[in-house]
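Just so you know, we're using this note's numbering here: the sequence shown kicks off at 5 and counts up by one. No residue lacks a Cβ here, since even glycine has one placed at the ideal position from N, Cα and C.
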Amino acid sequence: MRPDYWLERWEKGRIGFHRADPNPLLVEHHERVLGGTIRVLVPLCGKSADLEWLVIQGHEVVGIELSELAARAFFDERHLTAERVEHAGFIEYRRGALSIFVGDFFAATPELTGYCDGVYDRAALIALPAELRARYAAHLPTVLAPKARALLITLHYDAEGGPPFDVSPAEVARLYERFTATPLASADARDDAPGPLARGATFVQENTYLLELP
Ligand SMILES: C[S@@+](CC[C@H](N)C(=O)[O-])C[C@H]1O[C@@H](n2cnc3c(N)ncnc32)[C@H](O)[C@@H]1O
Numbered sequence: 005m006r007p008d009y010w011l012e013r014w015e016k017g018r019i020g021f022h023r024a025d026p027n028p029l030l031v032e033h034h035e036r037v038l039g040g041t042i043r044v045l046v047p048l049c050g051k052s053a054d055l056e057w058l059v060i061q062g063h064e065v066v067g068i069e070l071s072e073l074a075a076r077a078f079f080d081e082r083h084l085t086a087e088r089v090e091h092a093g094f095i096e097y098r099r100g101a102l103s104i105f106v107g108d109f110f111a112a113t114p115e116l117t118g119y120c121d122g123v124y125d126r127a128a129l130i131a132l133p134a135e136l137r138a139r140y141a142a143h144l145p146t147v148l149a150p151k152a153r154a155l156l157i158t159l160h161y162d163a164e165g166g167p168p169f170d171v172s173p174a175e176v177a178r179l180y181e182r183f184t185a186t187p188l189a190s191a192d193a194r195d196d197a198p199g200p201l202a203r204g205a206t207f208v209q210e211n212t213y214l215l216e217l218p
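Next up, the structure:
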């Protein structure tokens, strides 16, 4: 999937994935998964309201997002100004405990982001086709501290195509074999998944996991 695909979606306002309010699964599982973590990475963050919610919980929050439009919108919609800092290959929008790095997640390094001990993945892994999911799961630990913990939310369904793509529990176990993966919740998501249903899915599960690095 080419970066242009996402940049065009942001330019055309085709952002049906965006939610105005904090994700209920983040609110429910935050304490168990991310309680006690300091620096939380939010890969492929868009302009998610969850960034703000995580800052309010006291974390340092590091978002990574391809679209500069999305990063600017996050601050503009809250009538906030952010400092703009250029790095090699990235533009950082920084305010208080939040930095959104505009650029390619696969080029992110710990020198840029700092080592993160928490991760929040909602609609990041499932935004990527299979080949990129493998790269994503391999790259993620390179910016994480030992014993990092992640809250991962996926969709599992029985149809082709995406995004969002089907990510089965078996694939989560395979992609994150270096992590311990603990299922936390599984819910019927047919009412909130028009894409998979339109592509013929007969079931859609929203699955939530705790991932732990050794
Ligand atoms: C499905 S959206 C989810 C956004 C956000 N996580 C949310 O819950 O609203 C996927 C996002 O990933 C961004 N993205 C896709 N590929 C990326 C990459 N290689 N590096 C950084 N961001 C990327 C897109 O621009 C898009 O905003």
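Annotation for residue 113: no alpha helix (DSSP H) segment contains it, and DSSP assigns it neither H nor E.
If you check the CB distance, residue 81 and residue 98 do not come in under 8 Å. In the three-state reduction of the DSSP assignment, residue 164 falls in the coil class. With three or more CB-CB distances shorter than 8 Å, the region 27–42 counts as touching the region 139–159. For residue 120, the CB stays at least 7 Å from every heavy atom of ligand 1.
In this structure, residue 141 has its CB at a distance of at least 7 Å from all heavy atoms of ligand 1.
The closest heavy atom of ligand 1 lies 7 Å or more from the beta carbon of residue 93. With distances taken between CA atoms, residue 17 lies nearest to 77 out of 77, 143, 132 and 107. Between residue 15 and residue 206, the alpha-carbon positions lie close to 32 Å from each other. Within 10 angstroms of the beta-carbon of residue 84 lie fewer than 16 other beta-carbons, which makes it exposed. Counting only runs of 4 or more residues that sit fully inside the region 70–137, the alpha helix (DSSP H) segments are 72–80 and 114–117, in chain order. Here the alpha carbons of residue 208 and residue 49 stand approximately 23 Å from one another.
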